[in-house]
Amino acid sequence: MRHPVVIIGRGIAPLLTIITIMAVVILALAIILFPQPVFQAALRGLRAWWEIVVPALLPFFIISQLFMGLGIVHFLGVLLEPVMRPLFNVPGSGAFVMAMGYTSGSPISAMLTAQLRQQRLVTRVEGERLISFTNNASPLFMLGAVAVGMLHNPALGPILAGAHYGANLCLGILFRFYGRRGPASPPANYPLLSLPRRAWRAMLQAQQKDGRPLGQLLGDAASQSFQTLITIGGFIILFSVIIQVADMLGLLDLLAGPLLYAGHPFSLRPATTRALAGGLFEMTMGAKFASEVAVPLGEKLIAISLIMGWAGLSILGQVAAMISKTDLRLGPFIVARLLHGFLAAFLVQLFQGPAWPVLAWLAGNDFFTPPVSWLTLGMYYTGFTITLVSCLLVLTGLGLFARLLLYRRL
1 MRHPVVIIGR GIAPLLTIIT IMAVVILALA IILFPQPVFQ AALRGLRAWW EIVVPALLPF
61 FIISQLFMGL GIVHFLGVLL EPVMRPLFNV PGSGAFVMAM GYTSGSPISA MLTAQLRQQR
121 LVTRVEGERL ISFTNNASPL FMLGAVAVGM LHNPALGPIL AGAHYGANLC LGILFRFYGR
181 RGPASPPANY PLLSLPRRAW RAMLQAQQKD GRPLGQLLGD AASQSFQTLI TIGGFIILFS
241 VIIQVADMLG LLDLLAGPLL YAGHPFSLRP ATTRALAGGL FEMTMGAKFA SEVAVPLGEK
301 LIAISLIMGW AGLSILGQVA AMISKTDLRL GPFIVARLLH GFLAAFLVQL FQGPAWPVLA
361 WLAGNDFFTP PVSWLTLGMY YTGFTITLVS CLLVLTGLGL FARLLLYRRL
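Residue numbers (this note's numbering): 1 to 410.
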């Protein structure tokens, strides 16, 4: 006798295939019938990719590839095992993925997790845990594009970022129990005093195993990073067109009805749920729609937090492309994004209400009234990022020094 779940799954698969084919046909017809608005939408997506995504992500992508080749990820994996294993139930190498994901945004953590899985540094379940809580909106997007560019209030940046990152950290602790009965990578149970020596040895062994000269390593890092960015650009342009077509066909208004029930716990108005419908496809456009709705500011922040937590089908597609060559499953990531949206919205509501006096007292008034010039604002908000990048550069120098020593020994 066949299991009912298997029968239902086999029945749903053809239906999803039919729906996908119909959606692609409708999109193709819309492109033919409405070439001008579709062209403008594609141009908006291309500009967003070239002017924002490429300069923001390309340096992080290249340095992450160098970290892999130089064995620095292995170095951090041994060194930070006592921190990452008890908190998030992932190996110490997940700390590098977490740091890159929290400073540069999606989908870099999915790419790095896929590489860790291909190198057998994490198990399948550990990789699924890792991508579930390390994919974030970038800090510059929240603090600059949303708070300053869309809401015209820099003081709202810490509220949005605190709720977004706080919700994801809660997810990391929650997902440590996901698949806990499955196989785990062997923990590095070394004495704390011997961790630096063990970490150094692990880095040297990783460099020996990689074996690429420095010139080839740099070339591979640049080419692989740009190929990944081209894939991301394709998704951004595609979903920019999809949102334009959905708006012209009235699908955003149609989706706003069911989303009204999703926003019921936060008392969202129908006008706000239309912005959620846009954010269902793409995060940036959804956040822009939410910032322009004529509703109270608190409701705008809740809607934007829901959208940034969900991240949009565009990010889901990018993550699916990144992990397509591994055995990592997308299901836990989708569940995590839904939970992330609701947790972040709840924290935003909490930060604006009962927790506001406590936050203001802890941070001081200057934290919520930063300078408004672009130069000082960038320095004000990216201090942590600059510090982290400096640490990454120091680690890169450490890896190069280890490589020189290794070649001298050989």
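We put the beta carbon where it would ideally sit given N, CA and C, even for glycine. It should be emphasised that the depicted structure is a prediction, and the values quoted were computed from it without experimental measurement.
Simplified DSSP state of residue i, which is helix, strand or coil
{"i": "residue 243", "result": "helix"}
{"i": "residue 309", "result": "helix"}
{"i": "residue 152", "result": "coil"}
{"i": "residue 294", "result": "coil"}
{"i": "residue 289", "result": "helix"}
{"i": "residue 301", "result": "helix"}
{"i": "residue 273", "result": "helix"}
{"i": "residue 123", "result": "coil"}
{"i": "residue 278", "result": "helix"}
{"i": "residue 197", "result": "helix"}
{"i": "residue 102", "result": "helix"}
{"i": "residue 71", "result": "coil"}
{"i": "residue 181", "result": "coil"}
{"i": "residue 137", "result": "coil"}
{"i": "residue 232", "result": "helix"}
{"i": "residue 89", "result": "coil"}
{"i": "residue 173", "result": "helix"}
Expected contact under 8 Å - CB spacing of residue i and residue j to nearest Å
{"i": "residue 251", "j": "residue 263", "result": "Rounded, the Cβ-Cβ distance is 18 Å, inconsistent with contact."}
{"i": "residue 344", "j": "residue 305", "result": "4 Å"}
{"i": "residue 203", "j": "residue 72", "result": "6 Å"}
{"i": "residue 114", "j": "residue 323", "result": "5 Å"}
{"i": "residue 245", "j": "residue 25", "result": "At roughly 12 Å, the Cβ-Cβ gap does not stay under 8 Å, so residue 245 and residue 25 are not in contact."}
{"i": "residue 225", "j": "residue 65", "result": "6 Å"}
Pick from the options that is closest to residue i, judged by C-alpha positions
{"i": "residue 212", "options": "68, 244, 54", "result": "68"}
{"i": "residue 154", "options": "167, 140, 164, 165", "result": "140"}
{"i": "residue 91", "options": "336, 343, 32, 123", "result": "123"}
{"i": "residue 131", "options": "163, 52, 109", "result": "109"}
{"i": "residue 285", "options": "163, 236, 249, 75", "result": "236"}
{"i": "residue 161", "options": "16, 105, 249, 39", "result": "105"}
{"i": "residue 84", "options": "21, 257, 129", "result": "129"}
{"i": "residue 232", "options": "207, 96, 39, 319", "result": "319"}
{"i": "residue 325", "options": "332, 112, 287", "result": "112"}
{"i": "residue 210", "options": "70, 22, 60, 35", "result": "70"}
Beta-carbon contacts of residue i that lie in its chain and below 8 Å, excluding the five residues immediately before and after
{"i": "residue 177", "result": "89"}
{"i": "residue 300", "result": "151, 272, 290, 291, 293"}
{"i": "residue 239", "result": "45, 281, 282, 312, 313, 314, 317"}
{"i": "residue 165", "result": "102, 136"}
{"i": "residue 349", "result": "266, 298, 302"}
{"i": "residue 256", "result": "270, 273, 274, 276, 277"}
{"i": "residue 171", "result": "132, 133, 336, 339, 340, 343"}
Residue i versus residue j: straight-line alpha-carbon distance, rounded
{"i": "residue 347", "j": "residue 142", "result": "15 Å"}
{"i": "residue 103", "j": "residue 173", "result": "19 Å"}
{"i": "residue 329", "j": "residue 58", "result": "26 Å"}
{"i": "residue 81", "j": "residue 74", "result": "11 Å"}
{"i": "residue 247", "j": "residue 125", "result": "38 Å"}
{"i": "residue 20", "j": "residue 14", "result": "10 Å"}
{"i": "residue 32", "j": "residue 220", "result": "39 Å"}
{"i": "residue 79", "j": "residue 200", "result": "9 Å"}
{"i": "residue 17", "j": "residue 47", "result": "32 Å"}
{"i": "residue 121", "j": "residue 185", "result": "7 Å"}
{"i": "residue 261", "j": "residue 254", "result": "13 Å"}
{"i": "residue 116", "j": "residue 217", "result": "17 Å"}
{"i": "residue 214", "j": "residue 55", "result": "24 Å"}
{"i": "residue 96", "j": "residue 41", "result": "36 Å"}
Sequence-distant residues of its chain with Cβ nearer than 7 Å to residue i (five each side left out)
{"i": "residue 168", "result": "133, 136, 340"}
{"i": "residue 242", "result": "27, 281"}
{"i": "residue 101", "result": "108, 109, 134, 135, 136"}
{"i": "residue 259", "result": "273, 276, 277"}
{"i": "residue 157", "result": "142, 143, 147, 381"}
{"i": "residue 86", "result": "none"}
Proximal residues to residue i (C-beta, below 6 Å), its chain only, five neighbours per side dropped
{"i": "residue 197", "result": "none"}
{"i": "residue 77", "result": "91, 92, 93"}
{"i": "residue 159", "result": "351"}
{"i": "residue 49", "result": "233, 236"}
{"i": "residue 310", "result": "337, 341"}
{"i": "residue 182", "result": "125"}
{"i": "residue 378", "result": "Bear in mind that a pLDDT of 49 at residue 378, under 50, signals an unreliable position, so the number given afterwards is only what the model happens to contain. Cβ within range, chain order: n/a, list empty."}
{"i": "residue 127", "result": "113, 117, 328"}
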